[in-house]
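All the letters of the sequence shown, read from the start, carry residue numbers 1091 to 1469 under the working numbering. The beta carbon of each residue, even a glycine, is placed where N, CA and C say it ideally should be. Quick caveat: nothing in here was measured; it's all calculated off a predicted structure. Right, one structure below, let's go through it.
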Amino acid sequence: MIVTTSHAKYINGHPYEAPANTIVETLVALKKDFIFFRHSLDGRSHSTVYTYLQGINNKHYTLDLFIPFDSLRYICDVVFTTAYIFFYAICNHDKVSLFIGVDPLNALSGVILKKLGIVRYLVYYTTDFSERRFKNYLLNKLYFAIDKICMLSADQTWNVSSRITALRKSQGLSDKKNLFIPNVPSTDYIAFLEKPKSKFTLVTLGVIDSQLDNFGIIDAVKELIPRYPQIKLKIIGSGPLENEYKEYVSKHGVTENVLFLGSLNHNDALREIATSGIGLALYNGKWGFNYFGDSMKCREFFCYGLPVLTTDSHSTVDDIKKYDAGIVVACCTKDYVSGIIRLFENYERYSTDSYKLAGKYNLIHKTALESIFDEKISN
């Protein structure tokens, strides 16, 4: 029996859980029997348990929401996951050959079950990290204590970014147990691979809040219009600053060139990315956890060969520099303008390198899992 468990963020009622989704897709492709637990990140939606037989979803059911407070709900998630797997294993006279816990609370269930002799091989998948996770001092200490317990107890620790991988090494984790496993977009992206790209269309997506420098890129577009009158900027998403940005666009007379597409479901967002020319990831550093994060939007840009213009505020920058898949700039309009011009003038080279970077990690989850199946466990 294989178990993977994760917390999902719900956007417009649809779960979003990039690393867990890739693990599930890979286990399905490998035709494995496994159980998948999807808990709610905000604690206000149902937890769902899915059972797969030979890669086919056999059944699922939801656990009724009964704790209205997020912190208590997280504790209940750990208790429920641990108890469910324990009694399932006892009743079916079966142990968990592989347990993959995405983030500390989910991995904690695996640690407990391993101590009880139910789990044979434990993978702790760290999908985000920040030096200060919570404002509350005690809660912060508890979180990092759990993180350390999971890291030391796991047979392997997978890290979504190169910066987290380096951090784990500084914490004393051996290279053998310390793996860099970045985000890999859902295979949904394949449906839009043949869509023609519009070279002069820029695209950005995410919550329209204070973490992205949308003001700066709008100013850059305004400066570039005389040189590239066909330039467009597509902004996908919604959020608390949306009206403020719209007013700014109207005030500066660029409503024909800056398009607000609102919140889109994942496939519609992929379609918009596929038909764009340059991907933007202009984080301004206000959200501290971005520094250790792996930018999923960038990984999706690479799949369609979009060169990326980004600030040095996230870990994916390491790959962008290494593979020359875009340009890393300072968080200022002047650098945005010069960077976009460089991308336009050398578009085919950057686009080719972007495609190559996407291909490097396509099978990384499959390779990591097959290594465990072949060398460590049998399913």
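Take residue i and list the residues in its own chain whose beta-carbon comes closer than 6 Å to its own, dropping the five residues that flank it on each side.
i	result
Phe1219	Ile1254, Phe1382
Phe1391	Gly1369, Val1398
Tyr1445	Gly1395
Leu1292	Leu1323, Ile1368, Leu1370
Thr1094	Ile1113, Phe1126, Ile1190
Pro1319	none
State buried or exposed for residue i, treating a residue as buried only when at least 16 other CB atoms are found within 10 Å of its CB.
i	result
Glu1337	exposed
Gly1200	buried
Ile1175	buried
Val1169	exposed
Lys1387	buried
Phe1177	exposed
Asn1469	Note that Asn1469 has pLDDT 48, beneath the 50 cutoff, so the model's placement of it is unreliable and no number is given.
Cys1240	buried
Asp1132	exposed
Pro1272	buried
Arg1439	exposed
Ser1428	exposed
Asn1380	buried
Ser1264	exposed
Ala1110	buried
Arg1317	exposed
Lys1122	buried
Ala1197	buried
Ser1461	exposed
Tyr1426	buried
Asp1464	exposed
Cys1181	exposed
First and last residue of the alpha helix (DSSP H) that includes residue i?
i	result
Ile1410	1407–1413
Ser1264	Here Ser1264 belongs to no alpha helix (DSSP H), and DSSP marks it neither H nor E.
Ile1454	1454–1465
Asn1357	1356–1364
Val1114	1108–1119
Thr1255	1252–1260
Leu1302	Per DSSP, Leu1302 belongs to no alpha helix (DSSP H) and is neither H nor E.
Arg1389	1386–1393
Is residue j closer than 8 Å to residue i when the C-beta atoms are compared?
i	j	result
Lys1322	Leu1351	no
Ser1385	His1356	no
Gly1329	Asp1299	yes
Phe1124	Ile1146	no
Leu1203	Thr1172	yes
Leu1372	Cys1421	yes
Leu1302	Ala1359	no
Ala1108	Arg1128	no
Ser1251	Thr1365	no
In the DSSP assignment, find the beta strand (DSSP E) that holds residue i and state where it starts and stops.
i	result
Thr1345	Neither: Thr1345 is in no beta strand (DSSP E) and is coded neither H nor E.
Tyr1373	Element bounds for Tyr1373: n/a, residue is neither H nor E.
Ile1470	Within the shown structure, residues of the chain are numbered from 1091 to 1469, placing residue 1470 beyond reach of any answer.
Lys1324	1322–1326
Thr1401	1398–1401
Val1427	No beta strand (DSSP E) holds Val1427; the alpha helix (DSSP H) holding it covers 1423–1435.
Ile1417	1416–1419
Grab me the residues of residue i's own chain with a C-beta within less than 8 Å of its C-beta, minus the 5 sequence neighbours each way, in chain order.
i	result
Tyr1233	Pro1194, Arg1223, Phe1224
Thr1442	Gly1395
His1150	Thr1138, Val1139, Tyr1140, Thr1141
Val1348	Ile1308, Val1311, Lys1322, Leu1323, Ile1325, Val1339
Lys1456	Thr1116, Ala1119, Leu1120
Ile1454	Ile1271, Pro1272, Val1274
Checking the sheet assignment: what are the DSSP bridge partners for residue i?
i	result
Thr1095	Phe1127, Gly1191
Gln1246	Val1213
Gly1352	Ile1326
Thr1294	Ile1325
Thr1138	Arg1128, Thr1152
Leu1143	Ile1146
Leu1269	Trp1248
Ile1368	Leu1292
Val1168	The partner list for Val1168 (beta bridge, DSSP) is empty, contrary to what the question assumes.
Val1186	Val1209
Can you find the residues in the same chain that come closer than 7 Å, C-beta to C-beta, to residue i, ignoring five residues on each side of it along the sequence?
i	result
Gln1246	Val1213, Lys1267, Leu1269
Phe1305	Tyr1338
Lys1412	none
Val1407	Thr1400, Val1418
Arg1210	Lys1185, Val1186, Ser1187, Ile1467
Using a Cβ-based criterion (distance less than 7 Å to any ligand heavy atom), does residue i qualify as near the ligand ATP?
i	result
Ser1130	This structure does not include the ligand ATP; it has no bound ligands of any sort.
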